[in-house]
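Numbering (our numbering), first residue to last: 9 to 57. A short worksheet on the structure shown next.
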Amino acid sequence: MPIAETAAQLFYDRLFEIAPDVLSLFTGDMKEQVRKIMAMLDTAVAGLD
């Protein structure tokens, strides 16, 4: 899902731009974090049906 990963990366880039203090909360692999947020959003959207 390249577009999903791009969207998630844009989300985190913007988050860290407007709230740089939260960067310290993300100490692990950001690629894994990107996968996690997209999985969470996928589950949330699927639950809307």
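Don't be surprised by glycine CBs; every beta carbon is placed ideally from N, CA and C. Just so you know, these numbers come straight off a predicted model, no measurement behind them.
Between the CA atoms of residue j and residue i - distance to the nearest angstrom
i	j	result
Q17	V42	7 Å
I11	R22	16 Å
L49	D29	24 Å
Cβ neighbours of residue i in the same chain (closer than 7 Å, five flanking residues each side left out)
i	result
A61	The first residue shown for the chain is 9 and the last is 57, placing residue 61 beyond what the model contains.
L56	none
Other residues of its chain near residue i: CB distance less than 8 Å, five sequence neighbours each side excluded
i	result
L31	F24
Whole-Å CB distance - residue i paired with residue j, under 8 Å assumed
i	j	result
M46	E13	7 Å
DSSP-derived helix/strand/coil call for residue i
i	result
D57	coil
T14	helix
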